[in-house]
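For reference, the structure discussed in these notes is given below.
Residue numbers (the numbering used here): 37 to 341.
Following this line, the structure appears as structure tokens:
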């Protein structure tokens with residue numbers, strides 16, 4: 037017996053018909069009938085009978101109905117109490133983010149989903165180029181592209197993995213030509229993400245090593261660099277992930293030298309070791325896992341905790 041079976045019985049008997057119960061619960065008739073059949077099989081009794089007027093309870097069904105309603109009411113009360121306790125436990129959520137590193141769509145998704153599950157929650161954001169270094173002890177979550185030292189006092193999981201690639205608008209490449217080797221980049225205007233883990237003037241080669249270049253723009257702001265590249269102003273070495281694509285109206289990018297230049301990156305979520313086992317942190321991480329699997333389902337969600 038499960039709650040969906042109880043909901044099916046209560047809805048059917050209160051509405052008086054299978055079709056009305058289906059509309060109320062938002063399920064198909066075969067699904068509803070299957071739940072009713074399994075409930076009767078579990079209990080070993082017939083709970084309802086179909087008549088020309090619709091559906092009526094049997095004697096056993098009439099006795100069982102108030103108990104089923106009571107169980108559903110108890111469960112709803114438990115849900116409300118749990119959500120209220122969650123609100124009291126979480127209170128304010130302080131998140132430290134990498135400056136300019138997240139696509140604009142990420143924050144609305146995060147805020148919308150957290151507000152739906154925790155309407156009383158207050159979110160506080162702080163952006164910095166070096167989240168690992170600059171996050172104070174009051175930070176609940178730290179998002180960073182940085183590599184973690186072995187002795188770092190954090191627990192971590194990978195929120196998403198992405199590729200750092202060369203992107204250029206097709207118009208730019210049609211006008212200036214398509215590089216065929218890394219050395220061909222020296223004749224182009226270059227834009228570079230000045231994030232962590234590398235020198236913006238030494239670009240990573242897929243085969244190992246680096247090539248020295250002279251970018252005309254270095255920036256920690258990925259959106260700014262995508263905008264410049266979309267405006268036919270150069271070839272950009274930037275992170276590329278599904279959430280970032282389509283953020284610039286009319287962008288028409290082509291990946292340049294994909295087999296020769298670029299590297300892989302990881303966006304990590306960090307929690308301080310000293311609070312990682314607390315009830316508040318456990319609840320917070322549970323909610324974040326739900327976001328990764330739900331709203332951020334297009335991300336990898338490679339949990340390491």
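Yeah, the Cβ is synthetic: ideal placement off N, Cα and C, and Gly gets one too.
> From residue 276 to residue 201, what distance separates their C-alpha atoms?
Replying inline: Using only the alpha carbons, I get a separation of about 7 Å.
> Going by DSSP, what residues sit across from residue 300 in a beta bridge?
Replying inline: 199
>> Using 8 Å as the threshold, is the C-beta distance between residue 268 and residue 227 below it?
In response: The answer is no: Cβ separation not under 8 Å.
> residue 54 by DSSP, collapsed to three states: which one?
Replying inline: helix
> Buried or exposed: which applies to residue 166, given that a residue is buried once 16 or more other Cβ atoms fall within 10 Å of its Cβ?
Replying inline: exposed
> With respect to the beta strand (DSSP E) encompassing residue 286, which residues constitute its N-terminal and C-terminal limits?
Replying inline: Unbroken run through residue 286: none, as it is neither H nor E.
>> Under 8 Å: do the stretch 290-310 and the stretch 166-182 share three or more Cβ pairs, one atom per stretch?
In response: Between the stretch 290-310 and the stretch 166-182, the count of C-beta pairs closer than 8 Å reaches three or more; the two stretches touch.
> Cα-Cα, which of 270, 107, 159, 297 is closest to residue 211?
Replying inline: Closest option to residue 211, Cα to Cα, is 270.
>> Closer than 8 Å is the cut-off here; do at least three beta carbon pairs connect the stretch 187-199 with the stretch 235-244?
In response: Contact fails: fewer than three Cβ-Cβ distances are below 8 Å.
> Is the Cβ-Cβ distance between residue 52 and residue 97 less than 8 Å?
Replying inline: no
> Since residue 150 and residue 159 are thought to touch, with beta carbons under 8 Å apart, how far apart are those beta carbons, to the nearest angstrom?
Replying inline: Indeed, because the Cβ distance is near 7 Å, the residues count as touching under 8 Å.
>> Given a cut-off of 8 Å on the beta-carbon distance, is the pair residue 284 and residue 262 in contact?
In response: yes
> From 194, 176, 238, pick the residue whose C-alpha is nearest to that of residue 219; which is it?
Replying inline: Out of 194, 176, 238, 238 has the C-alpha closest to the C-alpha of residue 219.
> Is the distance from the Cβ of residue 104 to the Cβ of residue 68 below 8 Å?
Replying inline: no
> Are residue 57 and residue 256 closer than 8 Å when you measure CB to CB?
Replying inline: no
> Taking the alpha carbon of residue 71 as the point to measure from, which residue in 258, 93, 92, 48 has its own alpha carbon closest?
Replying inline: 48
>> Would residue 221 and residue 249 be called neighbours here (beta carbons separated by less than 8 Å)?
In response: yes
>> On a Cα-Cα basis, can you pick out the residue from 266, 54, 78 that is closest to residue 207?
In response: Among 266, 54, 78, the Cα nearest to that of residue 207 is on 266.
> Are the beta-carbon atoms belonging to residue 131 and residue 174 less than 8 Å from one another?
Replying inline: no
>> By DSSP's criteria, residue 276 is part of a beta bridge. Which residues make up the other side?
In response: 199
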